[in-house]
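*Asks:* Letter by letter, the first sequence follows residues 4 to 219 in the working numbering.
Ideal Cβ positions, reconstructed from N, Cα and C, are used throughout, including at glycine.
This structure is a prediction, so every number in the text was calculated from the model and none was measured.
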Amino acid sequence: MDNINLEIPDLLRRHFPFLRESSLQKEIALVGAIHHFKEGEILMNFGSYIKSVPLLVKGAIKVVREDDVDGKELLLYFLHAGQTCSMSFSCCMMNKKSDIRTTVEDDATLIAIPIKYVDEWMGKYSSWKNFVMQSYDSRMREMVRTIDSIAFRKMDERLLEYLYQKSKVHQSKILFATHQEIADDLNASREAISRLLKKLENSNRVRLERNKIHIL
DNA sequence: ACATTAAGTGATT
DNA sequence: AATCACTTAATGT
Numbered sequence: 004m005d006n007i008n009l010e011i012p013d014l015l016r017r018h019f020p021f022l023r024e025s026s027l028q029k030e031i032a033l034v035g036a037i038h039h040f041k042e043g044e045i046l047m048n049f050g051s052y053i054k055s056v057p058l059l060v061k062g063a064i065k066v067v068r069e070d071d072v073d074g075k076e077l078l079l080y081f082l083h084a085g086q087t088c089s090m091s092f093s094c095c096m097m098n099k100k101s102d103i104r105t106t107v108e109d110d111a112t113l114i115a116i117p118i119k120y121v122d123e124w125m126g127k128y129s130s131w132k133n134f135v136m137q138s139y140d141s142r143m144r145e146m147v148r149t150i151d152s153i154a155f156r157k158m159d160e161r162l163l164e165y166l167y168q169k170s171k172v173h174q175s176k177i178l179f180a181t182h183q184e185i186a187d188d189l190n191a192s193r194e195a196i197s198r199l200l201k202k203l204e205n206s207n208r209v210r211l212e213r214n215k216i217h218i219l
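Okay, here's the thing in structure tokens:
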């Protein structure tokens, strides 16, 4: 009963201050487990069941949707510290298989909460309920943004937005990615991305190297 | 030196 | 903007 994780209270204070009930914090420290993941690791794949909900404390996670017909991918959004995967809420509450894949974009640390508590705490702690609700809300908004960027915006704008996001999640002006990887994330052809990047280079917005993009 | 992979380019639809 | 068919450049063995 007393294998309380001593790191957790501090992590919560720093990244999830809005989970303010001290008894909630204590419970999280009791049942939560800290995990570290390296860049590129797959956290959750299509079709797998989710056994815990992650509270992201460090790094970034990429959430991707894959078309089951032709296997093409599409980047949905990035998760940052202080956030959680709201897909995992609905998945675990409905006990459904995952529709998405999440991979580690930048070395990540998270607190894994076993799903049985997610529901239990909804009734018990108002700040937890708010957290869950707000996660849904902000994801929903993010998703709408992604949808209309696909529907209404041109590829060059989408690419700029992508570079900006990626630079933000890595907190770096230098991005390590091939044109092919970018094309996959944006569901575009490699040639199109190469040409657009070339344009950006000519207008001095970026500098290109093999596997590398400097944002200027 | 050779093979492999990433990136650049023009033509075609 | 996608696809094809190449070429050129960079990198690994």
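Looking at C-alpha atoms only, which residue of Asp109, Thr105 and Asp13 is the closest neighbour of Tyr52?
*Replies:* Cα-wise, what sits closest to Tyr52 is Thr105.
*Asks:* Nearest-angstrom Cα distance between Leu46 and Phe81?
*Replies:* Spanning the two alpha carbons is a distance of roughly 13 Å.
*Asks:* In whole angstroms, what is the alpha-carbon distance linking His173 and Arg213?
*Replies:* When rounded, the distance between both Cα atoms is 18 Å.
*Asks:* Can you find the residues in the same chain that come closer than 7 Å, C-beta to C-beta, to His217, ignoring five residues on each side of it along the sequence?
*Replies:* Closer than 7 Å at the Cβ level, and outside the excluded window around His217, lie Lys176, Ile177, Val209 and Arg210.
*Asks:* With DSSP run on the structure shown, which of helix, strand or coil describes Ile216?
*Replies:* Here Ile216 sits in strand by DSSP.
*Asks:* Hey, out of Leu59, Glu204, Ser25 and Ser55, whose CA is closest to His18's CA?
*Replies:* Of Leu59, Glu204, Ser25 and Ser55, the residue nearest in Cα terms is Leu59.
*Asks:* Is the beta carbon of Gly35 less than 8 Å from the beta carbon of Asp110?
*Replies:* Not closer than 8 Å, so no.
*Asks:* From Met4 to Leu33, what does the alpha carbon distance come to, in whole angstroms?
*Replies:* Confidence is the limiting factor: at Met4 the pLDDT is only 47, short of 50, which leaves the residue's position unreliable, though a coordinate-based value still follows. Going from the Cα of Met4 to the Cα of Leu33 covers about 8 Å.
*Asks:* Which ranges would you report for the beta strand (DSSP E) in the stretch 24-73 if only whole runs of at least 3 residues count?
*Replies:* As far as the stretch 24-73 is concerned, its whole beta strand (DSSP E) runs of at least 3 residues are 36-40, 45-47 and 55-69.
*Asks:* Let's test the definition: count the other Cβ atoms within 10 Å of the Cβ of Phe134 and tell me whether it reaches 16, buried, or not, exposed.
*Replies:* With 16 or more other Cβ atoms within 10 Å, it is buried.
*Asks:* Output the distance between the C-alpha atoms of His39 and Thr112, rounded to the nearest integer angstrom.
*Replies:* Approximately 5 Å, taken between the alpha carbons.
*Asks:* Quick one: what does DSSP say Leu79 is sitting in, helix, strand or coil?
*Replies:* In this structure, Leu79 counts as strand in the three-state DSSP scheme.
*Asks:* Quickly, what does DSSP pair Pro117 with across the bridge? List them, please.
*Replies:* Looking at the DSSP assignment, Pro117 forms a beta bridge with Ser55.
*Asks:* Have a look at Glu76, Ser129 and Gly50 and flag the residue whose alpha-carbon is nearest the alpha-carbon of Ser26.
*Replies:* Comparing Cα positions, the closest option is Ser129.
*Asks:* Need the endpoints of the alpha helix (DSSP H) that Thr149 sits in, please.
*Replies:* Per DSSP, Thr149 belongs to the alpha helix (DSSP H) from Ser129 to Phe155.
*Asks:* Quick one: grab the DSSP three-state call for Ala111.
*Replies:* Residue state, collapsed to three classes: strand.
*Asks:* Helix, strand or coil for Ile177, going by three-state DSSP, please let me know.
*Replies:* Three-state result, Ile177: strand.
*Asks:* What does a CB cutoff of less than 6 Å around Leu162 pick up in its chain, not counting 5 residues either side in sequence?
*Replies:* The answer, listed in chain order, is Leu199.
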